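Student: I'd like to ask some things about the structure below.
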Amino acid sequence: MHQKNLTELRLALDTKAVSAVELAQHFLTRIEAANALNAFLEVNPEATLAAATQADVSIARGHAGPLTGIPIAHKDVFVTRDWKSTAGSNMLAQYVSPFDATVVERLAHAGMVCVGKTNMDEFAMGSSTENSFFGLTQNPWDLAAVPGGSSGGSAAAVAARLVSAATGSDTGGSIRQPAAFTGVTGIKPTYGRVSRYGMIAFASSLDQAGPIAVSAADCALLLNALAGSDPRDSTSLAQETEDFTRYLGQSWNTQANPSQATPTGQTQERPNLKGLRIGLPKEYFSAGLAAEVRSALETALKVYESLGATLIEISLPKTELSIPVYYVLASAEASSNLSRFDGVRYGHRAAHYRDLADLYQKTRTEGFGAEVKRRILVGAYVLSHGYYDAYYVQAQKIRRLIAQDFQQGFAQCDVMMGPVSPTVAWNLGEKTDDPLHMYLADIYTLSISLAGLPGMSIPCGFGQNAHDSRPVGLQIIGNYFSEARMLQIAHAFQQVTDWHTRMPEGV
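Residue numbering for the sequence shown follows my numbering, starting at 27 and increasing by one per position.
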């Protein structure tokens, strides 16, 4: 059952080939057996099986939706009622939420069954899931490699088929990069598409929730349940509800020529992307891109050409500025957001202290890890008197220029493509002593987040030689609210390739 996609699991549940309880128990057994990966921070079999039992009741009554009874795992950045919600930090190690995040609430309303909370970089700060207070997560393709971060637990769980799908959050690439490193599909929607209510905040103007699954078709089903306006989130966009599966299997020019549309539920023998213009930012294919990643991308782009798409070179000249801009703005927002963890209201509190100031100092010293402290210090610095205008304000101005670069690029193309990361997954411990080197790994994802655009990663090959077991991801970048078209483009590639169906040895 763990090798089936969401559509196949739906059929198995509806035909009574398996019950929701049996399916949940199957995945709980797999999670327990794969404990060494450390992809999960908590499982609660009692709560999981109770939800699965309720799903079976809905199925028996004929009230099942597309996702009813299907297991889901949640990144531990989303608070979940009656489950620990730690954000991978000692600061929240014992915190049990009294309410559900909107992401959790909507998937539960769709009938999905939570099987656990997944590991992550502390407060979503990191690119490798090595910064978790609860220990690092291993990459199921190569146990010596990182799974990417900060949603590395979710990505590793899906890659190892410990669960069919998982939620993630993306601030500067934290869905796309781990999806690329573990050979699965992940999408970061347009900023504001999915509610941030109940997501433990890192950088409020950048954080965005999204799904991680085996395929683009699975991600489309999940996004149908996740997206939508939420009055509890002031950054939630009032967009009309849409079906993100509506273009799957159809010709690219379906919208312009409805008569060419494929009947609902059917797919063409071979996708037709004639008329699709793919922009290739020349800055993404510079000398910093590893040869093994470039080779896999070039092969993938030839597949798109064979489907009728046209490749166009474009330029995003502000790309190199995205790293300093991101780490100024994200650190500033983190400094502000994490000020609430002071040992007074909830979370960790130092056992011994002299006065209030000593309580604050000891609590935060004990509660936060090194990477979180580093970003709080940077953020406090750039927001301080005398430096606010020089750093924070200037970064906001450049952020607007980065967004303008993308709009000029989209005047020439329908979608952009390129690498997710300059390299395949690196070795565990390789970059932990050099945070600046690790920050550079986000060069191709940060600008999309700064502009608030949707982006996704799909598997397109593997590294070569010493890295022949480490996946490569192709990044697809769309204009605002173009998720349905991006998913169509990704699905077309997955109809004619099998990279997304490949699984680590022993799965």
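Here a beta-carbon is modelled for each residue, glycine too, at the ideal position from N, C-alpha and C.
Keep in mind that this is a model prediction, so the values were computed, not measured.
Verify whether the separation of the beta carbon atoms of A243 and L274 is less than 8 Å.
Tutor: Yes, these two residues count as a Cβ contact at 8 Å.
Student: Can you tell me which of the three DSSP states S153 falls into?
Tutor: In the structure shown, S153 sits in coil (DSSP, three-state: anything other than H, G, I, E or B).
Student: Would you say D233 and T197 are within 8 Å of each other, going by their C-beta atoms?
Tutor: Yes.
Student: What separation, rounded to the nearest whole angstrom, lies between the Cα atoms of A376 and A170?
Tutor: Roughly 35 Å separates the two Cα atoms.
Student: In angstroms, rounded to a whole number, what distance separates the CA positions of E359 and R400?
Tutor: Going from the Cα of E359 to the Cα of R400 covers about 13 Å.
Student: Rank L32, A510, G532 by C-alpha distance to the C-alpha of L276 and give the top, closest one.
Tutor: The residue you asked about is not Leu; residue 276 is Gln in the sequence shown. Ranking the options by Cα distance to Q276, first place goes to A510.
Student: Just verifying my parser: in three-state terms, what is the DSSP assignment at K300?
Tutor: The answer is coil: DSSP assigns K300 none of H, G, I, E or B.
Student: For V172 and S154, which I take to be in contact (beta-carbon distance under 8 Å), what is that distance rounded to the nearest angstrom?
Tutor: V172 to S154, Cβ: 4 Å. Contact.
Student: Could you give the uninterrupted runs of the beta strand (DSSP E) lying entirely in the segment 163 to 246, keeping only those of 3 residues or more?
Tutor: As far as the segment 163 to 246 is concerned, its whole beta strand (DSSP E) runs of at least 3 residues are 191 to 196, 211 to 214, 234 to 239.
Student: Count the other C-beta atoms from every protein chain shown that fall within 10 angstroms of the C-beta of H517, then say buried if there are 16 or more, exposed otherwise.
Tutor: Buried.
Student: Measuring only the C-alpha atoms, how far is A134 from S361?
Tutor: C-alpha separation (whole angstroms): 32 Å.
Student: Three-state secondary structure (DSSP) at E392?
Tutor: Reduced to three states, the DSSP call for E392 is helix.
Student: Output yes or no for whether 8 Å exceeds the beta carbon distance between G212 and L263.
Tutor: Contact flag unset, no.
Student: Report the rounded CA-to-CA distance for M320 versus K42, giving the unit in angstroms.
Tutor: Residue 320 is actually Arg in this sequence, not Met. Each residue's Cα considered, the two are about 45 Å apart.
Student: For the beta strand (DSSP E) containing P497, name the first residue and the last one.
Tutor: Note, P497: beta strand (DSSP E), 497 to 503.
Student: With C-beta atoms as the reference, is P480 less than 8 Å away from G444?
Tutor: Contact: no.
Student: Which first and last residues belong to the alpha helix (DSSP H) in which V348 is found?
Tutor: Looking at the sequence provided, one finds Ser at residue 348 rather than Val. Start and end: 348 to 363.
Student: So, for D269: in the same chain, excluding its five sequence neighbours on each side, which residues have a beta-carbon less than 8 Å away from its beta-carbon?
Tutor: N250, A510.
Student: If you check the beta carbons only, do G194 and G236 fall under 8 Å apart?
Tutor: It is a contact, given that the beta carbons lie within the stated cut-off.
Student: Just to confirm before moving on: does the CB-CB distance between S483 and R222 stay below 8 Å?
Tutor: Contact flag unset, no.
Student: In three-state DSSP terms, what is T94?
Tutor: T94 falls in the coil class under three-state DSSP.
Student: Between the C-alpha atoms of L306 and L385, what's the straight-line distance to the nearest angstrom?
Tutor: Their Cα atoms are separated by approximately 52 Å.
Student: Whole-angstrom Cβ separation of I226 and G142, contact assumed at under 8 Å?
Tutor: So it is not a contact: roughly 17 Å between Cβ atoms.
Student: Suppose you measure from the CA of A50 to the CA of E68; what does that come to, to the nearest Å?
Tutor: For A50 and E68, the distance between alpha carbons rounds to 15 Å.
Student: Using the C-alpha atoms, what's the distance from K388 back to Y121?
Tutor: So the two alpha carbons sit approximately 19 Å from each other.
Student: Which value, in whole angstroms, describes the spacing of the CA atoms of E309 and L347?
Tutor: Approximately 12 Å between the Cα atoms of the pair.
Student: Hey, would you say V240 sits closer than 8 Å to V189, going by beta carbons?
Tutor: Contact: no.
Student: List in chain order: all unbroken beta strand (DSSP E) runs of 3+ residues lying wholly within the segment 426 to 479.
Tutor: Entirely contained in the segment 426 to 479, the beta strand (DSSP E) runs reaching 3 residues are, in chain order, 441 to 445.
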